[in-house]
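Student: Protein chains in written order, with the working numbering: chain A, 4 to 350; chain B, 4 to 350. Just so you know, even glycine gets a beta-carbon here, dropped at the ideal spot from N, CA and C. In this text the structure is predicted, and so the values were computed from the model without any measurement. The structure follows.
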DNA sequence: ATGAAAGCGCTAACAA
DNA sequence: TTGTTAGCGCTTTCAT
């Protein structure tokens with residue numbers, strides 16, 4: 004493999020035509036350039052024989068576009084974002100673009116660098132899901148004149164498509180309140196909220212919805228009902244262990260803010276007997292298909308990842324570039340718990 | 004935003020120096036070019052003020068490399084592949100490369116097109132996980148002189164890093180056989196295998212390991228113990244429903260070939276009472292954290308996605324380009340089922 | 001310590 | 001119906 008790559012010049016020379024002709028043939032514009040079919044065929048054939056491969060960097064340099072559609076996610080190993088990636092890929096392919104997906108590990112600096120790199124590759128447009136530093140992203144895209152849309156987490160003064168965190172949390176809280184068994188012990192007879200913080204966009208809205216809904220339905224709400232322990236499963240585990248020990252059992256209602264928090268809770272639950280779960284109603288703000296089959300019923304909120312992506316593409320198509328926020332409704336998923344005979348009344 | 008992008012020429016003119024100088028300053032080679040520090044600083048400043056952004060396509064065209072590391076996965080929304088993507092991103096970033104991840108939806112044609120596109124962008128190297136048509140991928144990369152490594156599914160005559168499917172399935176089968184409760188009914192007292200096909204690389208090995216292990220431990224093995232129903236959860240659901248109806252219950256051993264097959268099985272299990280699961284031992288060839296907490300114990304195999312990726316990078320670094328197959332061991336994950344009191348003896 | 005200039009491979013406007 | 005040519009923005013060798 005000492006021979007360097009074949010270019011249109013090589014082919015032109017081989018066939019005794021001009022590079023321009025070869026170019027036209029190879030990129031499909033030869034009909035409008037009214038190039039003879041025999042020439043075209045022959046050129047194609049030579050290209051194939053010599054294993055010609057297009058140099059997209061050269062084309063991109065010339066045309067000032069790359070045909071790349073960029074998508075940035077915080078992490079790949081997360082159902083919600085992975086599902087968005089999937090939808091993004093499909094639609095980008097539909098449009099004959101090359102989807103390029105990058106992740107930032109939630110690091111603002113890496114986010115900025117990634118955006119810069121993508122811009123430097125002359126991407127056609129950029130979607131950013133769960134941005135860490137929306138303002139910087141906005142500034143970079145704007146100055147490079149690259150169309151961009153935020154997903155899941157909105158940017159100020161930019162086009163954004165987000166999930167209805169408030170509405171979803173309200174639904175979930177209502178469901179928990181509805182199905183909360185009545186218990187004697189006053190300290191147990193209250194809904195608790197666990198997981199995440201109050202600093203990120205989504206969690207702030209969810210927590211507010213939880214509070215509003217509890218209060219508006221005449222429930223009590225004290226500070227000790229809110230356990231902000233971040234997203235790490237291990238923290239959630241110790242936090243919920245502490246709670247259950249303080250209270251002497253599971254509270255009758257539990258709003259769990261993410262699937263990772265839930266995993267932590269499960270680690271604590273693992274040693275508990277079945278009756279431990281008899282007097283509680285649990286909701287998780289996230290979706291996982293297997294959680295639906297646990298021995299106790301879990302109410303889950305599934306965000307519409309496909310819907311988010313497809314709306315973002317609609318926004319991109321509408322030439323209206325004014326900032327606007329589109330809100331997509333999530334869905335409440337009922338438990339499918341195996342314990343039909345036991346819990347079905349509160350399912 | 005009518006002004007077009009700033010280039011090194013603009014900056015050169017602004018400062019009254021030559022484009023070459025600006026280039027050297029902006030790409031960090033100015034020290035070895037022995038350019039004055041004051042000049043360098045000034046040029047940097049002008050670049051910043053004018054929002055200069057590098058054009059990587061131009062650089063790539065010139066240098067014939069792009070600084071892009073390519074990774075192809077079949078799908079994004081899958082724990083195993085998502086985890087590999089994550090590891091890939093991290094390591095590529097470590098090396099100051101831009102990680103680009105694309106998926107093919109298991110479509111060989113899309114796979115080929117994606118490889119071509121990435122090659123056309125002059126990627127530095129390519130990893131392909133779960134390739135659909137390894138031979139085509141090999142041919143394309145080889146002819147473009149792009150280093151490439153297969154992951155999870157090996158290519159003929161190419162460097163590959165794969166999971167030990169045979170060994171993993173053997174472990175899992177052994178564990179199932181060990182923990183299989185003894186039952187009266189002869190038709191139930193056998194291990195069954197469900198899910199996938201016998202055409203793809205991984206499944207072939209797993210099935211073979213299952214058969215070998217069952218036979219080598221003196222077990223019986225008839226055709227009806229093997230249910231190849233593909234990967235769709237819905238197929239798995241009806242298949243397992245049929246099986247349980249034929250047998251009058253769950254067999255005492257069940258080898259489930261993938262998490263999606265398992266999801267299908269759960270859909271059938273959902274209406275069953277607890278005693279339905281009393282006399283069975285279930286193993287799943289895949290890992291899911293929440294499955295570990297189901298009411299009946301699930302033995303799982305977790306493939307070492309990080310290990311696969313890191314070995315692939317090692318292979319890339321070793322300049323030895325000869326084809327070789329590296330095998331990574333998966334891990335058997337014990338159940339953490341909540342039913343400690345009930346199933347702990349067979350856990 | 002810096003400038004000049006060639007050229008990476010392709011496209012597209014203009015000629016012929 | 002095809003050829004010619006001028007760049008796209010950057011790097012890099014050779015001058016100075």
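Ends of the alpha helix (DSSP H) at residue 170/A?
Tutor: To locate residue 170/A, count along the first chain from 1; it is residue 167. 168–182 is the span of the alpha helix (DSSP H), which, as asked, contains residue 170/A.
Student: According to the Cβ coordinates, are residue 254/B and residue 157/B closer than 9 Å?
Tutor: As a working mapping, residue 254/B is identified with position 251 in the second chain. As a working mapping, residue 157/B is identified with position 154 in the second chain. No. Outside cutoff.
Student: Scan the stretch 37–66 of chain A for residues whose Cβ lies nearer than 8 Å to a Cβ of chain B and list them as they occur along the chain.
Tutor: Answer set for the stretch 37–66 of chain A: 54, 56, 57, 58, 59, 60, 61, 63, 64.
Student: Taking a Cβ distance cut-off of 7 Å, strictly less, list which residues of the stretch 283–304 of chain B are near chain A, in chain order.
Tutor: Cβ contacts with chain A: 291, 292, 293, 294, 296, 297, 298.
Student: Relative to the C-alpha of residue 94/A, which residue among 326/A, 335/A, 309/A, 333/A is closest?
Tutor: For the purposes of this step, residue 94/A is taken as the residue at position 91 of the first chain. The shortest C-alpha separation from residue 94/A is found at 309/A.
Student: I'd like to know if the stretch 57–69 of chain B and the stretch 104–120 of chain B are in contact, where contact means that at least 3 CB-CB pairs between them fall below 8 Å.
Tutor: Touching, no, given that fewer than three Cβ pairs across the two stretches are closer than 8 Å.
Student: Taking the beta carbon of residue 168/B as the centre, do at least 16 other beta carbons fall within 10 Å, making it buried, or is it exposed?
Tutor: Here residue 168/B corresponds to residue number 165 of the second chain, with the count starting at 1. By the 10 Å Cβ count, residue 168/B comes out buried.
Student: Among 170/B, 100/B, 79/B, 179/B, which residue has its Cα nearest to the Cα of residue 285/B?
Tutor: Counted from its first residue, the second chain places residue 285/B at position 282. Selected option, being the one with the closest Cα: 179/B.
Student: Take residue 287/A as the anchor and find which of 325/A, 335/A, 243/A, 281/A has the nearest alpha-carbon.
Tutor: By 1-based counting over the first chain, the position of residue 287/A is 284. Checked all of 325/A, 335/A, 243/A, 281/A; the closest Cα to residue 287/A is 335/A.
Student: Using a Cβ cut-off of 7 Å, pull out every chain A residue sitting near residue 125/B, in sequence order please.
Tutor: Translated into the one-based positions of the second chain, residue 125/B becomes position 122. Near residue 125/B (Cβ distances below 7 Å), the residues of chain A are 60.
Student: Pull up the distance between the alpha-carbon of residue 138/B and that of residue 150/B, whole angstroms please.
Tutor: Taking the second chain and counting its residues from 1, one reaches residue 138/B at position 135. Taking the second chain and counting its residues from 1, one reaches residue 150/B at position 147. About 14 Å.
Student: On the DSSP letters alone, give me the boundaries of the alpha helix (DSSP H) that residue 89/B sits inside.
Tutor: On the second chain, position 86 is the one that residue 89/B refers to. Per DSSP, residue 89/B belongs to the alpha helix (DSSP H) from 82–97.
Student: Check distances from the C-beta atoms of the stretch 106–119 of chain A to those of chain B and list, in chain order, the residues that come in under 8 Å.
Tutor: Within the stretch 106–119 of chain A, the residues whose Cβ lies closer than 8 Å to some Cβ of chain B are 106, 108, 113, 117, 119, listed in chain order.
Student: Kindly indicate which residue of 252/A, 124/A, 210/A, 230/A has the alpha-carbon position closest to the one of residue 71/A.
Tutor: Within the first chain, the letter at position 68 stands for residue 71/A. Here the closest residue by C-alpha is 124/A.
Student: State the start and end residues of the unbroken alpha helix (DSSP H) segment that holds residue 141/A.
Tutor: The residue you call residue 141/A lines up with position 138 of the first chain. Note, residue 141/A: alpha helix (DSSP H), 137–147.
Student: Using only the alpha-carbon positions, how far apart do residue 203/B and residue 306/A sit?
Tutor: Walking along the second chain from the start, residue 203/B turns up at place 200. Walking along the first chain from the start, residue 306/A turns up at place 303. One C-alpha to the other measures close to 33 Å.
Student: Would you mind telling me which residues of chain B sit closer than 7 Å to residue 102/A, beta carbon to beta carbon, in chain order?
Tutor: On the first chain, residue 102/A is found 99 positions in, with the first residue counted as 1. What residue 102/A touches in chain B: 105.
Student: Hey, would you say residue 311/B sits closer than 9 Å to residue 331/B, going by beta carbons?
Tutor: Position 308 of the second chain, counting from 1, holds the residue named residue 311/B. Position 328 of the second chain, counting from 1, holds the residue named residue 331/B. Contact flag set, yes.
Student: Determine the extent of the beta strand (DSSP E) in which residue 106/B is found, giving its start and end residues.
Tutor: Here residue 106/B corresponds to residue number 103 of the second chain, with the count starting at 1. That run of the beta strand (DSSP E) goes 101–106.
Student: Would you mind telling me which residues of chain A sit closer than 7 Å to residue 141/B, beta carbon to beta carbon, in chain order?
Tutor: Within the second chain, the letter at position 138 stands for residue 141/B. Near residue 141/B there are no residues of chain A at all, since even the closest Cβ is about 13 Å away, more than 7 Å.
Student: Can you check DSSP and say which residues form a bridge with residue 122/B?
Tutor: Position 119 of the second chain, counted from the start, is the residue given in the question as residue 122/B. Residue 122/B pairs with nothing; no bridge assigned.
Student: Cα-Cα, which of 100/A, 128/A, 113/A, 237/A is closest to residue 101/B?
Tutor: Translated into positions along the second chain, residue 101/B becomes position 98. Among 100/A, 128/A, 113/A, 237/A, the Cα nearest to that of residue 101/B belongs to 113/A.
Student: So with Cβ pairs under 9 Å, would you call residue 315/B a contact of chain A?
Tutor: By 1-based counting over the second chain, the position of residue 315/B is 312. False, the Cβ-Cβ gap to chain A never drops below 9 Å.
Student: DSSP state of residue 332/A, grouped into three classes?
Tutor: The residue you call residue 332/A lines up with position 329 of the first chain. Residue 332/A: coil per DSSP, three-state reduction.
Student: Give the straight-line distance between the Cα atoms of residue 107/A and residue 86/B, rounded to the nearest whole angstrom.
Tutor: Taking the first residue of the first chain as position 1, residue 107/A is located at position 104. Taking the first residue of the second chain as position 1, residue 86/B is located at position 83. Looking at the two C-alpha atoms, the distance is approximately 14 Å.
Student: Could you run through the stretch 141–155 of chain B and flag, in chain order, every residue whose CB is less than 7 Å away from some CB of chain A?
Tutor: Correct list: 146, 147, 148.
Student: State the Cα-Cα distance for the pair residue 323/A and residue 140/A, rounded to the nearest angstrom.
Tutor: Here residue 323/A is taken as the residue at index 320 of the first chain, counted from 1. Here residue 140/A is taken as the residue at index 137 of the first chain, counted from 1. Computed Cα separation, rounded: 20 Å.
Student: For residue 77/B, collect the residues of the same chain with a Cβ closer than 8 Å to its Cβ; drop the 5 residues on either side in sequence, then sort them by chain order.
Tutor: Within the second chain, numbered from 1, the residue matching residue 77/B stands at position 74. Result list for residue 77/B: 84, 106, 107, 108, 109, 132, 133, 135, in chain order.
Student: Whole angstroms are fine: how far does the CA of residue 209/A sit from the CA of residue 171/A?
Tutor: For the purposes of this step, residue 171/A is identified with residue 168 of the first chain, where counting begins at 1. For the purposes of this step, residue 209/A is identified with residue 206 of the first chain, where counting begins at 1. Approximately 8 Å between the Cα atoms of the pair.
Student: Please list, in chain order, the residues of the stretch 77–97 of chain A that have any C-beta partner in chain B closer than 8 Å.
Tutor: Taking 8 Å as the Cβ-Cβ cut-off against chain B, the residues of the stretch 77–97 of chain A that qualify are 78, 79, 80, 81, 82, 85, 86, 88, 89, 92, 93, 96.
Student: Do the stretch 232–242 of chain B and the stretch 260–276 of chain B touch if we need at least three Cβ pairs shorter than 8 Å?
Tutor: Yes, the stretch 232–242 of chain B touches the stretch 260–276 of chain B.
Student: Kindly indicate which three-state DSSP category residue 186/A falls into: helix, strand or coil?
Tutor: For the purposes of this step, residue 186/A is taken as residue 183 along the first chain, with counting starting at 1. Three-state DSSP puts residue 186/A in coil, outside helix and strand.
Student: Quick one: which residues of the stretch 257–271 of chain A get their C-beta closer than 9 Å to a C-beta of chain B? List them in chain order.
Tutor: The stretch 257–271 of chain A vs chain B, Cβ under 9 Å: 262, 265, 266, 269, 270.
Student: Within a Cβ cutoff of 8 Å, which residues of the same chain sit near residue 152/B, ignoring the five residues on either side of it in sequence?
Tutor: Taking the second chain and counting its residues from 1, the one referred to as residue 152/B is at position 149. Closer than 8 Å at the Cβ level, and outside the excluded window around residue 152/B, lie 128, 129, 130, 131, 161, 162, 163, 164, 315, 318, 319.
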